[in-house]
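Worksheet: the structure to be examined is printed underneath.
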Amino acid sequence: MSTTTSTLTAGSIPRRADNVEISPRISEDWLSLIVGLLIFILALAGIANIDLLGWTVTTSVWTDLGKALGPVAKSYASLGGAGAILATYVALLVILSVTVFALKSDLKRFALAFTAVFWIAYGSWIVGNYANFAAVTPADLQKFGINWSLKLTNEGGYIFALIAGLIIANFLPRFAETIKAAIRPELYIKIAIVILGGFIAVTAASKLNLASSLLLRGIAAIVEAYLIYWAVVYFVARKWFGFNREWAAPLASGISICGVAASIATGSAIRAKPAIPVLVSSLVVIFAVVEVLILPFLAQTFLWREPLVAGAWIGLAVKTDGAAVAGGGITEALILAKNAAAGIKYQPGWVLATTATVKVFIDIFIGIWAFILGYIWTNHINPTNKDRAKASEIWQRFPKFILGFVATFLAGLYLALGTPAGIAAKVPAAMGEANAFRVIFFILTFFSIGVLSNFRTLWQEGIGKLAAVYVVSLFGFVIWVGLLISWLFFSGIHPPLAS
Amino acid sequence: MSQPNVGEELNKAAVEPLLPIEKKLIGWSLGLGIGLLVILAVVNHLFPVSI
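Listed in order, the protein sequences are those of chains A and B.
Taken in order, the first sequence gives residues 2 to 500; the numbers are from the working numbering.
Taken in order, the second sequence gives residues 357 to 407; the numbers are from the working numbering.
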């Protein structure tokens, strides 16, 4: 799922002075798994009463900036907000610098760029937590002494990070170029998803029957994305818009499955020109931005009585992991807030878990689908004896970070359900500390997606016809079929009530 | 990676009519997809979510 786009491609591909690409020591996919697991394991030390991550910064809704920030654990209260954010920045800088070193990228360039990315992105998040933007209930308004609020919830801070990125991409393109070494949305979201596994496990453990039912319903998402969406979008691109096969297949995968990863895997499987999936990926990111700015609010307005339908819908409609999963977070916050205002208090975590489940289920099959397309293309459409698709490509294209998600999910589930009550009781707090990092990686993802979205450059590249296919498919088909399937399989299922 | 102008690339590309294998791929995907969704919907109906 590397979100390489047409405007900032070079940022993620290390090169020598003579512009030759350098092969990294290890893939970004594996690194995201390692970093995610490391954070998860450090958080688990809390079970043994060793708090290794309690200094992580967290933000509260505020009117007094001095009270906005603080460490996630009370045991680190002496650090204060400034100490917590500084400690978080240093820790992330160190751990991500090691990651970037393994990717053979320029360390100094990354460190400088990340410094700017972190402070701007987190600064936007803090602004988004200002009470007039984030406060939701009348009690909150009273508590902060304000008489109006946009009611975006604190998760609305993601949108502020996204907008900050968009401003930089479209009005400060030179600055965007300067910080591109740290614009790595796919790395950030993959780490976040690995951490999310443990958080979802704790949520699922409280209602295991409901969780397993949701997992089974995730299968419908796979069928919809690969067999229904892909076929229709490919037909539309080929028949109505006259695209040739080399363009239509990556485009169909980009719009139907998990945008960026799927279009790149498909492009590679059918031996398309490398630039094609890159351009399709750019388009996917742009549309994901538009969707994230609109769909959560539509879900809040029309689907607030069916929270899990909304969660599944976001997972099916938004086509990058980063935007979809983080969009699920925004949707959850908005819908839970609206329900709370109506006197219904749902347990948090279930809407986000539904979005993540749908997205992860879809991701799992990217390698298999790419192999099927590769087999058809290299055997029937462009038959060749030299470059036929091999079954080993399924594993090569399998998104490895999903192994991390499964590992943290199973470990979290075991700890919450299979250990003595004294240990199990400490798991939610431990996962809460890991979750603070997950939130920060979501913020970095949103900001990075914004910085990658230079609308003018893409338009100049003549992307209009590609965008037309996307508009027709997304708004004419994908969104509505996604809503129908989500309704069919998730309506009437509600998150447990908060105790 | 140098980027092509998409508009120019698309105009240059030769028209490729749908091959029978492509029609088969689209048809089988849709048929299988709709069939599986119907089966899943029936299973969903028979085994409702237990909370």
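Don't be surprised by glycine CBs; every beta carbon is placed ideally from N, CA and C.
For clarity, every value in this text was computed on a predicted model and none was experimentally measured.
When the distance is taken between beta carbons, is residue j closer than 7 Å to residue i?
i        : j        : result
Leu252/A : Ala273/A : no
Arg398/A : Ala266/A : yes
Phe288/A : Tyr471/A : yes
Thr100/A : Leu32/A  : yes
Phe448/A : Ala162/A : yes
Val195/A : Phe402/A : yes
Gly363/B : Gly255/A : no
Gly405/A : Leu34/A  : yes
Gly389/B : Val224/A : yes
Trp501/A : Ile336/A : What the structure shows of chain A is the stretch from 2 to 500, and residue 501/A is not part of that stretch, so it cannot be assessed.
Gly166/A : Ala135/A : no
Thr358/A : Val326/A : no
Thr1/A   : Ala300/A : The structure shown does not extend to residue 1/A, since chain A is modelled only from 2 through 500, so no value can be given for it.
Lys466/A : Leu366/B : yes
Asn171/A : Asn155/A : no
Ser487/A : Val310/A : yes
Trp314/A : Leu484/A : yes
Ser454/A : Val291/A : no
Ala431/A : Gly71/A  : no
Glu394/A : Phe366/A : no
Phe41/A  : Thr409/A : yes
Ala226/A : Ser257/A : yes
Val118/A : Ala85/A  : no
Ala232/A : Ser385/B : yes
Asn148/A : Ala369/B : no
Thr138/A : Ala334/A : no
I need the straight-line Cα distance from residue i to residue j, nearest angstrom please.
i        : j        : result
Trp370/A : Cys259/A : 12 Å
Val452/A : Thr179/A : 11 Å
Trp63/A  : Ile395/B : 50 Å
Leu317/A : Leu216/A : 15 Å
Leu393/B : Gln461/A : 41 Å
Gly329/A : Pro275/A : 31 Å
Thr204/A : Tyr347/A : 12 Å
Ala183/A : Gly268/A : 26 Å
Gly55/A  : Thr89/A  : 10 Å
Ala397/B : Ile27/A  : 42 Å
Leu87/A  : Leu228/A : 48 Å
Phe242/A : Leu209/A : 47 Å
Ala11/A  : Val128/A : Any reading at Ala11/A must be qualified, since the residue scores a pLDDT of 34, below 50, and its modelled position is unreliable; the value itself is stated next. Looking at the two C-alpha atoms, the distance is approximately 31 Å.
Leu173/A : Val405/B : 50 Å
Leu9/A   : Thr446/A : Per-residue confidence for Leu9/A stands at a pLDDT of 37, beneath the threshold of 50, marking its modelled position as unreliable; no derived number is given.
Ser3/A   : Ile192/A : Note on Ser3/A: pLDDT 40, under 50, position unreliable in the model; no value is reported.
Leu414/A : Glu29/A  : 27 Å
Ser125/A : Phe403/B : 45 Å
Ala249/A : Ile480/A : 20 Å
Ile363/A : Ala222/A : 7 Å
Gly344/A : Pro278/A : 47 Å
Ala565/A : Ile169/A : What is shown of chain A runs 2 to 500, which leaves residue 565/A out entirely.
Ile377/B : Lys360/A : 29 Å
Asn50/A  : Leu93/A  : 23 Å
Thr5/A   : Lys380/B : Summary for Thr5/A: the model assigns pLDDT 37, below 50, so the residue's position carries little reliability, and this model does not support an answer.
Met357/B : Lys181/A : Bear in mind that a pLDDT of 44 at Met357/B, under 50, signals an unreliable position, so the number given afterwards is only what the model happens to contain. The straight-line gap from Cα to Cα measures roughly 15 Å.
Gly493/A : Val440/A : 29 Å
Tyr123/A : Pro349/A : 23 Å
Asn436/A : Pro429/A : 10 Å
Any idea what DSSP makes of residue i, helix, strand or coil?
i        : result
Val58/A  : strand
Leu70/A  : strand
Trp370/A : helix
Val63/A  : The question names Val, yet the displayed sequence has Trp at residue 63/A. Strand at Trp63/A.
Leu498/A : strand
Quick check: is any heavy atom of the ligand MG less than 6 Å from the C-beta of residue i?
i        : result
Thr379/A : Judged by which ligands are present, the structure shown has none, so any question about the ligand MG falls away.
Name the chain C residues whose beta carbon is nearer than 7 Å to that of residue i?
i        : result
Leu374/B : Absent from the structure: chain C. Protein chains present are A and B.
**Report entry** Minimum length 4: unbroken alpha helix (DSSP H) runs contained in the region 257–307 of chain A
**Finding:** 260–270 and 276–303
Query raised in the report: Between the region 241–252 of chain A and chain B, which residues of the former have a C-beta closer than 8 Å to a C-beta of the latter?
Result: Gly243, Phe244, Asn245, Arg246, Glu247 and Trp248
Report task. With 9 Å as the C-beta to C-beta threshold (strictly closer), list the residues of the region 48–63 of chain A near chain B in chain order. Result -> none
Query raised in the report: Quick one: complete alpha helix (DSSP H) runs, 4+ long, within the region 177–251 of chain A?
Result: 186–207, 209–224 and 231–236
Report task. Please list the segments of the alpha helix (DSSP H) lying wholly inside the region 392–469 of chain A, counting only runs of 4 or more residues, in order along the chain. Result -> 393–398, 402–418, 422–425, 428–452 and 456–461
Query - Residues in the region 277–302 of chain A having any Cβ partner in chain B nearer than 7 Å - result: Val279 and Leu280
Query raised in the report: Considering only residues of the region 317–348 of chain A, which uninterrupted alpha helix (DSSP H) runs meet the minimum length of 4 residues and lie entirely inside it, listed in chain order?
Result: 322–342
Report task. Please list the residues of the region 439–463 of chain A that have a C-beta atom closer than 7 Å to any C-beta atom in chain B, keeping them in chain order. Result -> Glu462 and Gly463
Query - Positions along the region 226–241 of chain A whose CB lies within less than 7 Å of some CB in chain B - result: Leu228, Ile229, Trp231, Ala232, Tyr235, Phe236, Arg239 and Lys240
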